[in-house]
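Protein chains in written order, with the numbering used here: chain C, 1 to 216; chain D, 217 to 432. Think of the CB as a built atom: it goes at the ideal place given N, C-alpha and C, for glycine as much as any other residue. Structure record follows, encoded as structure tokens.
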DNA sequence: TAGATTGTTAATCGATTAACAATC
DNA sequence: TAGATTGTTAATCGATTAACAATC
């Protein structure tokens, strides 16, 4: 199964191809060229072909790539054939906003619970999702089969809660806190650090460059 | 002034060093080694020294880097000496959550306005920030001297609004929408794409790797 | 002085780009 | 067949790592 090492930037590009393929499939398109995929994902046709060829030969020379089979292939590669069970930890403003983020479902991520410390919230539902006590974090994660966590707690408890999530068997954490989490074996971490991105924008602007970084 | 080309990943590391330097300065620490900065920013001591040496010689051999001067140097390099005037476009759940995100101010970004289409919201204040009509986007941006925009509108209008922001003279856009914005000369763009990051997590988990990507 | 740690050069590694034969 | 476009190899480019002389 051709397992080279795949860089983060390549995985991001694969997400971009998948998004475009889903769009084209919905429109009924049958075939797409590497050039067209490249345009949407802000890369080059050569890069698209190189990326895809890591996993097999999905296209037809002279014709392009068949939309639906390639989409399904990318869904398989990215591990999205079945939905992931996820929770939001921290039902504050940001957490609540994310509970209502409808694209989660569309993209294969099912939010099954939220956790918070606030007694006012615990036991209620927000956006149709039950808010549970963070005291029961470990047991609820186990009984509900939760695999991913979106972390939106304050800086103070962030590390400790990340440790508890790892302990409870969560496989991945999407970290919206301004806290750098230390790596834990068996747990993948992705950071969404607003301050870091804003500082990146600031740097690009003052140096007069618009190498827009990722273009997402 | 040493102007090599600086990669996005390097700018992200610089943000990480800055964060740690601010923390150390608040604690009263005088000196820090490349090794200590590396530990916090999830990189290596050699990388830290290489990164910093792009901009000058800030350390003392045998002693390390002086905390406050290096912090100030990074503030200067990243363009953070004066605060950036920013707005949030789209005062829905996510936009509102971001309006209350206190770290903006601490890190040198001042939110001076929000924009929305909802007549219920227009004219009110949310988190002490005035919500203005998106009809007045261009004029308000100009009169209020807004330089950055945080985009949290739905997919539908995202491209058009990004174009209007660019037209009105905004220098940078932090894009929380699931829409890929096309580059515009003079406007830097950073994407915070939740779906892309979740798919990245998914891939890392199914391939059993925890090369946690960024660790933010 | 002896120990520590930077700044910088050279070596390595990995990712991107270019080119083109294969083939639809 | 002629034109288009992939898959793949080779060339280029850039980023990271290692090593060590300089020097505090």
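Looking at residue j and residue i, is the spacing between their C-beta atoms short of 8 Å?
{"i": "residue 264 of chain D", "j": "residue 250 of chain D", "result": "yes"}
{"i": "residue 248 of chain D", "j": "residue 283 of chain D", "result": "yes"}
{"i": "residue 112 of chain C", "j": "residue 144 of chain C", "result": "yes"}
{"i": "residue 79 of chain C", "j": "residue 405 of chain D", "result": "no"}
{"i": "residue 171 of chain C", "j": "residue 196 of chain C", "result": "no"}
{"i": "residue 315 of chain D", "j": "residue 343 of chain D", "result": "yes"}
{"i": "residue 362 of chain D", "j": "residue 302 of chain D", "result": "yes"}
{"i": "residue 233 of chain D", "j": "residue 257 of chain D", "result": "yes"}
{"i": "residue 365 of chain D", "j": "residue 393 of chain D", "result": "no"}
{"i": "residue 71 of chain C", "j": "residue 21 of chain C", "result": "yes"}
{"i": "residue 353 of chain D", "j": "residue 390 of chain D", "result": "no"}
{"i": "residue 309 of chain D", "j": "residue 97 of chain C", "result": "yes"}
{"i": "residue 267 of chain D", "j": "residue 226 of chain D", "result": "yes"}
{"i": "residue 258 of chain C", "j": "residue 115 of chain C", "result": "Residue numbering for chain C in the displayed model covers 1 to 216; residue 258 of chain C lies beyond these limits and cannot be assessed."}
{"i": "residue 410 of chain D", "j": "residue 101 of chain C", "result": "yes"}
{"i": "residue 305 of chain D", "j": "residue 369 of chain D", "result": "yes"}
{"i": "residue 54 of chain C", "j": "residue 129 of chain C", "result": "no"}
According to DSSP, which residues form a beta bridge with residue i?
{"i": "residue 325 of chain D", "result": "D/300"}
{"i": "residue 125 of chain C", "result": "C/130"}
{"i": "residue 172 of chain C", "result": "C/148 and C/188"}
{"i": "residue 32 of chain C", "result": "C/65"}
Give the DSSP-derived three-state secondary structure of residue i in the structure shown.
{"i": "residue 116 of chain C", "result": "strand"}
{"i": "residue 430 of chain D", "result": "Since pLDDT at residue 430 of chain D reaches only 48, below the 50 mark, its modelled position is unreliable, and the value read off the structure follows with that caveat. Here residue 430 of chain D sits in coil by DSSP."}
{"i": "residue 218 of chain D", "result": "Bear in mind that the predicted position of residue 218 of chain D carries a pLDDT of just 41, short of 50, making it unreliable; the figure below should be weighed with that in mind. Three-state result, residue 218 of chain D: coil."}
{"i": "residue 65 of chain C", "result": "strand"}
{"i": "residue 276 of chain D", "result": "strand"}
{"i": "residue 305 of chain D", "result": "strand"}
{"i": "residue 223 of chain D", "result": "coil"}
{"i": "residue 373 of chain D", "result": "helix"}
{"i": "residue 294 of chain D", "result": "coil"}
{"i": "residue 180 of chain C", "result": "coil"}
{"i": "residue 319 of chain D", "result": "helix"}
{"i": "residue 163 of chain C", "result": "helix"}
{"i": "residue 424 of chain D", "result": "coil"}
{"i": "residue 55 of chain C", "result": "coil"}
{"i": "residue 409 of chain D", "result": "coil"}
{"i": "residue 359 of chain D", "result": "helix"}
{"i": "residue 260 of chain D", "result": "coil"}
{"i": "residue 19 of chain C", "result": "helix"}
At a cut-off of 7 Å, would you count residue i as near the ligand GDP, judging by its Cβ distance to the nearest heavy atom?
{"i": "residue 202 of chain C", "result": "Absence of the ligand GDP is noted for the structure shown, with no ligands found whatsoever."}
Please look up how many angstroms separate the CB atoms of residue i and residue j, rounded, as I've assumed it's under 8 Å.
{"i": "residue 414 of chain D", "j": "residue 107 of chain C", "result": "7 Å"}
{"i": "residue 228 of chain D", "j": "residue 200 of chain C", "result": "6 Å"}
{"i": "residue 358 of chain D", "j": "residue 385 of chain D", "result": "7 Å"}
{"i": "residue 121 of chain C", "j": "residue 91 of chain C", "result": "5 Å"}
Using a Cβ-Cβ cut-off of less than 8 Å, list which residues of the region 411-425 of chain D approach chain C; keep chain order.
411, 412, 413, 414, 415, 416, 417, 418, 419, 420, 421, 422, 423 and 425
Scan the region 86-115 of chain C for residues whose Cβ lies nearer than 9 Å to a Cβ of chain D and list them as they occur along the chain.
86, 92, 93, 94, 95, 96, 97, 98, 99, 100, 101, 103, 104, 106, 107, 108 and 109
May I ask you to list, following chain order, the residues of the region 382-396 of chain D that have a beta carbon less than 7 Å from some beta carbon of chain C?
387, 388, 390, 391, 394 and 396
Tell me which residues of the region 227-246 of chain D have at least one Cβ-Cβ distance to chain C shorter than 8 Å, keeping chain order.
227, 228, 230, 231, 232, 234 and 235
Select from the region 133-166 of chain C all residues with a C-beta closer than 7 Å to any C-beta belonging to chain D, and list them in chain order.
148
Scan the region 331-343 of chain D for residues whose Cβ lies nearer than 8 Å to a Cβ of chain C and list them as they occur along the chain.
none
Pull out every residue of the region 32-53 of chain C whose Cβ sits closer than 9 Å to any Cβ of chain D, in chain order.
40, 41 and 42
When you check each C-beta in the region 280-291 of chain D against every C-beta of chain C, which residues fall closer than 9 Å?
none
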